[in-house]
Amino acid sequence: MKTIEVPALARVEGEGGLYIGLQDGKAVEVRLDIYEPPRFFEGFLRDRFIQEVPDITARICGICPVAYQMSSAYAIENALDIKISPDARTLRRLMYCGEYIESHALHIYMLQAPDLFGKDSAFELAAIAPDVVKNALRLKKIGNQILKAIGGRSVHPVNVCIGGFYSWPEAAPIQALLPDLEWGLQTAIDCVKWAVTLPYPELEIDYEFVALHHPDEYGVIEGEIWSSKGRKLAIADYEKGYIEEHVKRSNALHGRTIDGNTYLVGPLSRINLNHEQLLPAAKKALKDAKLKLPIKNPYKSLIARAIELVDFYEEAIQLVKSYKPVGPAHVELKLKAGEGAGATEAPRGLLYHRYKIDENGLVKFAKITPPTAQNLPRIEADLLAMAPKIVKMPEAEATLTAEHLVRAYDPCISCATHFLKLKIEEVG
Amino acid sequence: MPASKPTVAVYKFSSCDGCQLSLLNMEDELLDLANAVEIAFFLEATRASQPGPYDIALVEGSVTTEHEVERIKEIRSQAKILIALGTCATAGGIQALRNFADADDYAKIVYDHPEYLHFLKTSKPMSEYVTVDMELWGCPVNKAQVIEVIVSLLNNRKPNLPSYPVCLECKRRGTICVLVDKGIPCLGPGTVAGCGALCPACGRGCYGCFGPAHQMNFESLSVINQKLERYPGEAYRLFRGISGYAPDFRKTADAISSTPKEIK
């Protein structure tokens, strides 16, 4: 075995390949090749009107459009010194619950779990575990229904605007979700119990975990950016702690801390940094899972996602029960020139946006740092750490174990690519 | 497996993944669909793949690189029926905004070393490179329409897809006209139905993500939208949006920008 090569990774969002070069049984080169073409979002956002931005940035990612809408809305609201109403904030959290449920159920069951059963897809998994896959689809559908009830549709919903929402969604379709949400909570608790029994490859990495932290709630939309190494930054100061480095080898921008280290964003970071803010059922699910914190095995981010699935079902139930919005759905815009940053936790991790706008409300500058770009150096470092084990395996198993590691990150290559400096490999 | 089971391949080009996700979002139908057809290639869903040729190819995304030009030709040669899935594949998508600018300028804005990039100056629909048998518009596509297309192909009939504009969907769901009643700019009268008139139902104007309806009076739609503008250039930007490279929207926006004393 001279190389482990997967020219086209399956079950990830977007198109990428994996290459591990071996010499004398040691990995000498590890690359996650991105051949997703650039789309230039920060380019064509310029001179668009601010109210168009959430509709445009949603199109960066079909799996987590809400995250892009939220980070851009908060960034622009900060630039305009707008504070949305408490009810709009609550509805944004409910919307985020829907996206987390949909995205995590997709990843747990359809993208990662087949690897743990030695199957190529959820379709094959359905042949041996039909109930697991049927429950998975229902869990996922309920997330999509939340998004539909609030935003009209689950992919690129249309109701989020700068200042809040275009209008309050009707209460009846939202409240009608309650029985499904109650079922979802129980099923998600079962999902955690199931997830801890699965055979994860062994790997422990001493990560620097980075996530949004909020003292009063599970950090998703506001708070400070915390690191397990003790760094605490206001959202507006993100770029003082985290930089993007041009790595010549891959021609890609890689996220690094200001000290030059790799770091990890996503479900493991959130659970490890914010488990005290989980709601009771999720806290119990975490306790019952008997995991040693911090969780350091990247393959076990599936369990972290399952615990979050419990948490977001639990929160969705609370928010749906109390949904009774009053007053206007959005604050009226008062245009002025300014600059603002926004960061929210996308299902895949911290998503940072910064905009400069002029007095007419036109975007003059946009910077977007998606979670997968921040994790990219970490994925490659993990593959390197895993290599000594992988090289001892038969080739098919080695390839699958490496692929599985990449998939466990839930990389969103479509998201990452609009700004990556990439070398397009002629593969696929 | 019966020999008559049609094979389906799903491909991604330059896009957000949202239209492929619409396939995976068919939670109630997905397992039945996987039984009714042979999913022969679908990278986002499965590692398993079978070599072509295929009966049906569903293609998401637009063509933005030389490599993609070659790839769509290869896929065309392997597919009996080629379906362009979503507004990137039917009109170039939001990334087709580069077609109205200098793509090199965009690359310089976003990248330190644009010379490392391989990209075309344009983002174009599949139909500019190969023969497309069917186009399914939407950003994202409506999954009910995807199911209708697949079911109609399985049953050898023509799919039943709307050709009328979003206005009719507003009437059907009882939404009061945002354009006439609230004076909000709206592309609904010139945009083909399919989304369910979601934006007007939220109290905002349609932004045209399902693309232009056929044989509409775009000049008149442009005039009324320009009159209702809430900020300078709103009508222009509405036409030059998600479906901005679709010929009817493209020409309408061109006409606005070439009119003196409009935006600048």
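Taken in order, these protein sequences are the chains called A and B.
So the first sequence is numbered by my numbering: it starts at 919 and just counts up by one.
So the second sequence is numbered by my numbering: it starts at 5 and just counts up by one.
C-beta: ideal position from N, C-alpha, C; glycine also.
For chain B, find out if any of its Cβ atoms is closer than 8 Å to the Cβ of residue i; answer yes or no.
i, result
"A/F967", "yes"
"A/D951", "no"
"A/G1102", "no"
"A/L998", "no"
"A/D1276", "no"
"A/R957", "yes"
"A/H1193", "no"
"A/G1081", "no"
"A/G932", "yes"
Determine the extent of the alpha helix (DSSP H) in which residue i is found, giving its start and end residues.
i, result
"B/M130", "Premise fails: B/M130 is in no alpha helix (DSSP H) and is neither H nor E."
"B/R254", "P251 to S261"
"B/Q230", "F222 to K231"
"A/H1022", "P1004 to A1023"
"A/E1101", "Note that residue 1101 of chain A is Trp in the sequence shown here, rather than Glu. Its alpha helix (DSSP H) spans residues L1096 to A1113."
"B/D109", "A107 to V114"
"B/Y168", "Unbroken run through B/Y168: none, as it is neither H nor E."
"A/R929", "Looking at the DSSP string, A/R929 is not in any alpha helix (DSSP H), and its letter there is neither H nor E."
"B/R241", "E238 to F243"
"A/K897", "Nothing in the structure corresponds to residue 897 of chain A, since chain A is present only between 919 and 1346."
"A/Y986", "P983 to A997"
Ignore the nearest five residues each way along the sequence and tell me which others in residue i's own chain have a CB closer than 7 Å to its CB.
i, result
"A/A1299", "T1180"
"B/A257", "Y240, F243, R244 and G248"
"A/E1135", "Q1195"
"A/E1321", "V924, L927 and L936"
"A/K1066", "S1072"
"B/E33", "I151"
Determine whether the Cβ of residue i lies closer than 8 Å to any Cβ atom of chain A.
i, result
"B/N229", "no"
"B/T50", "yes"
"B/F123", "yes"
"B/I79", "no"
"B/N103", "no"
"B/A88", "no"
"B/I60", "no"
"B/L47", "yes"
"B/S26", "yes"
"B/A111", "yes"
"B/Q54", "no"
Report the CB separation of residue i from residue j in whole angstroms; it is logged as a contact under 8 Å.
i, j, result
"B/R51", "B/T135", "No, B/R51 and B/T135 are not in contact; Cβ-Cβ is about 31 Å, not under 8 Å."
"A/E1017", "A/V1051", "No, A/E1017 and A/V1051 are not in contact; Cβ-Cβ is about 21 Å, not under 8 Å."
"A/N1192", "A/G1137", "5 Å"
"A/P1212", "A/I1123", "Not confirmed; about 10 Å, so no contact."
Looking only at its own chain, which residues have a Cβ that is under 8 Å from the Cβ of residue i, when we skip the five neighbours before and after it?
i, result
"A/I1297", "L950, L1323, V1324, Y1327 and P1329"
"B/Q216", "It should be pointed out that residue 216 of chain B corresponds to Pro in this sequence rather than to Gln. So the list reads G194, T195, V196, F222, S247, A250, P251, D252 and F253, once near-sequence residues are dropped."
"A/I1235", "L1096, L1099, E1100 and L1103"
"B/D106", "K125"
Starting from residue i, trace the beta strand (DSSP E) both ways and give me its first and last residue.
i, result
"B/A13", "T11 to K16"
"A/H1131", "V1128 to H1131"
"B/Y58", "Y58 to E64"
"A/D1348", "Because chain A in this structure spans residues 919 to 1346, residue 1348 of chain A falls outside the shown range and cannot be described."
"A/Q941", "G934 to Q941"
"A/A945", "K944 to I952"
Specify the secondary structure class of residue i as computed by DSSP and reduced to three states.
i, result
"B/P193", "helix"
"A/G1330", "For the record, residue 1330 of chain A in the displayed sequence is Cys; it is not Gly. Three-state DSSP puts A/C1330 in a strand."
"B/C203", "helix"
"A/D1229", "helix"
"A/F959", "helix"
"B/G22", "helix"
"A/E1162", "strand"
"A/H1322", "helix"
"A/A859", "Since the first and last residues shown for chain A are 919 and 1346, residue 859 of chain A lies out of range."
"A/G1061", "helix"
"A/L1121", "coil"
"A/E1140", "coil"
"B/C210", "coil"
"A/C1079", "strand"
By Cβ distance, which residues of its chain are closer than 6 Å to residue i, with the 5 residues on each side in sequence left out?
i, result
"A/K1285", "R1272"
"A/G1351", "Shown here, chain A extends from 919 to 1346; a query on residue 1351 of chain A therefore has no answer."
"A/K1150", "E1142 and W1144"
"A/M1028", "A1040"
"A/S1187", "F1127, V1128 and A1129"
"B/K84", "D59"
Tell me, please, whether the CB atom of residue i is closer than 8 Å to any CB atom in chain E?
i, result
"B/T126", "The structure shown contains no chain E; its protein chains are A and B."
Is any non-hydrogen atom of the ligand ADP found closer than 7 Å to the C-beta of residue i, if you look at the structure I gave you?
i, result
"B/L124", "Among the components modelled here there is no ligand, and therefore nothing to report on the ligand ADP."
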